[in-house]
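Take a look at the structure below.
Residue numbers (the numbering used here): 3 to 374.
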């Protein structure tokens with residue numbers, strides 16, 4: 003902070019934060035002060051330079067341009083760029099809203115935001131392959147893939163398919179936060195009624211004989227909005243991690259995304275999850291390990307509003323994660339001094355996730371790639 007900025011000026015700028023308890027008040031104050039002095043760059047829409055795999059799918063009519071994910075990037079020089087895939091909602095740009103500073107210390111951050119009006123897993127995997135190649139060719143690095151909730155399922159399925167067709171993919175690292183990789187994680191087969199909020203939200207989308215109507219879409223939107231609000235616990239929780247401007251901006255973005263996903267987009271996202279094989283199904287020597295890269299697997303202490311207690315993905319990643327990823331670590335993130343950490347709560351409990359993420363990235367070695 004410039005020497006000319008007096009303490010009284012700081013109090014004037016941040017007097018609205020007087021209600022915050024210490025140390026949360028101090029963290030928000032310092033971050034806000036830093037942003038006033040050096041405003042952060044928002045993620046910019048990124049136009050990929052290498053697109054052969056996705057172009058081929060589009061040319062063959064196996065996917066539509068409206069199903070292509072949008073890429074955003076914040077550029078930083080560094081040895082460990084990160085590609086982020088979020089959950090059903092919010093977008094990946096919002097998922098890492100309060101931890102992108104940590105990721106940017108190690109290199110550029112590429113956010114993959116799923117389309118609003120459709121979804122095609124094959125096209126998304128083609129975009130991932132093209133982007134990993136582009137980072138290698140133009141920046142001579144291998145990226146770390148950072149995935150959240152449903153995004154973890156996409157990454158696991160991507161790795162499974164690549165293992166079947168092309169062996170291992172060179173990656174700098176893998177991070178899985180609150181993985182959801184198959185419908186059985188939310189709604190176990192044979193059970194008539196979902197035990198979790200997200201299971202109830204997706205149940206109407208799983209019956210192909212009776213596609214969900216407009217009422218079911220609105221109900222799902224309401225449930226996703228409720229899950230976002232539940233992550234905050236209450237308005238006071240928002241004030242512990244965000245200033246007033248940030249809270250309003252984040253809420254507008256998340257709710258805007260929930261409203262913007264149309265009928266086709268919602269159905270195709272859920273059915274992509276339905277098409278993914280449970281990790282239990284590829285627990286076999288010919289398939290494992292999925293990747294040799296350093297891997298961090300994180301669950302929250304309170305996953306029960308989203309992840310079913312019989313989740314097969316949770317079972318295998320907790321009990322046999324080193325069979326899937328030999329260089330992996332598993333941890334449960336808790337908050338002993340406050341509200342329990344919720345599913346994928348990288349915003350409201352970002353301080354609880356930081357130590358594990360900081361330790362993981364500190365141990366990564368920059369993956370230099372030599373391109374002929």
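Cβ atoms here follow ideal geometry from the backbone N, Cα and C, with glycine treated the same way.
Assignment of beta strand (DSSP E) within the stretch 221-308, counting only whole runs of 3 or more residues, yields 297-302 in chain order. Rounded to whole angstroms, the Cβ separation of residue 153 and residue 89 is 6 Å, and the two are in contact under 8 Å. The beta-bridge partner set that DSSP reports for residue 129 is empty. The beta carbon of residue 99 sits closer than 7 Å to those of 252, 349, all from its chain and outside the five residues before and after it, given in chain order. Residue 317: not part of any beta strand (DSSP E); member of the alpha helix (DSSP H) spanning 314-321, first to last residue. Non-local C-beta neighbours of residue 228 in its own chain, meaning closer than 8 Å and more than five positions away in sequence, comprise 199, ordered along the chain. Listed as beta-bridge partners of residue 115 by DSSP are 72.
Under DSSP, residue 343 forms no beta bridge with any residue. The C-alpha of residue 190 lies about 20 Å from the C-alpha of residue 226. It is roughly 7 Å from the alpha-carbon of residue 101 to the alpha-carbon of residue 352. Relative to residue 307, the option among 255, 286, 337, 344 whose CA is nearest is 344. Taking a C-beta distance under 9 Å as the contact criterion, residue 111 and residue 75 qualify as a contact pair. According to the DSSP assignment, residue 358 belongs to the alpha helix (DSSP H) that extends over 352-365. Of 278, 324, 108, 342, the smallest CA-CA separation from residue 208 is found for 278.
With distances taken between CA atoms, residue 205 lies nearest to 271 out of 155, 64, 271, 263.
Measuring C-alpha to C-alpha distances from residue 361 to each of 298, 115, 286 identifies 298 as the nearest. Between the stretch 257-274 and the stretch 104-118, the count of C-beta pairs closer than 8 Å reaches three or more; the two stretches touch. A Cβ-Cβ separation of about 7 Å places residue 300 in contact with residue 178 under the 8 Å criterion. Between residue 103 and residue 59, the C-beta spacing is not below 9 Å.
Approximately 6 Å separates the beta-carbon atoms of residue 158 and residue 281; this is inside 8 Å, confirming the contact. The alpha-carbon separation between residue 357 and residue 203 amounts to approximately 32 Å.
Of the candidates 107, 245, 71, the residue whose Cα lies closest to the Cα of residue 132 is 71. Rounded to the nearest angstrom, the gap between the Cα atoms of residue 319 and residue 290 is 13 Å.
Contact between residue 144 and residue 168 is absent: CB atoms are separated by about 15 Å, not below the 8 Å threshold.
91 is the residue among 91, 69, 140, 151 whose C-alpha sits nearest the C-alpha of residue 258. One alpha carbon belongs to residue 57, the other to residue 274, and they sit about 20 Å apart. A check of alpha carbon separations from residue 65 across 195, 107, 127, 84 identifies 127 as the nearest.
Between the beta-carbon of residue 80 and that of residue 108 there is about 5 Å, and that keeps the pair under the 8 Å contact cut. When the five nearest sequence neighbours on each side are left out, the beta carbons in the same chain lying within less than 7 Å of the beta carbon of residue 323 are those of 299, 330, 332, in order along the chain. Ranking 183, 284, 94 by CA distance to the CA of residue 166 puts 284 first. In this structure, residue 47 sits away from residue 87, with a CB-CB distance that is not shorter than 9 Å. For residue 204, the uninterrupted alpha helix (DSSP H) segment begins and ends at 199-204. The beta-bridge partner set that DSSP reports for residue 176 consists of 147, 297. Annotation: residue 331 is outside any alpha helix (DSSP H); the continuous beta strand (DSSP E) that includes it extends over 330-335. Within 10 angstroms of the beta-carbon of residue 162 lie 16 or more other beta-carbons, which makes it buried. Proximity to residue 141 across 181, 184, 82, 268 peaks at 82, based on C-alpha coordinates.
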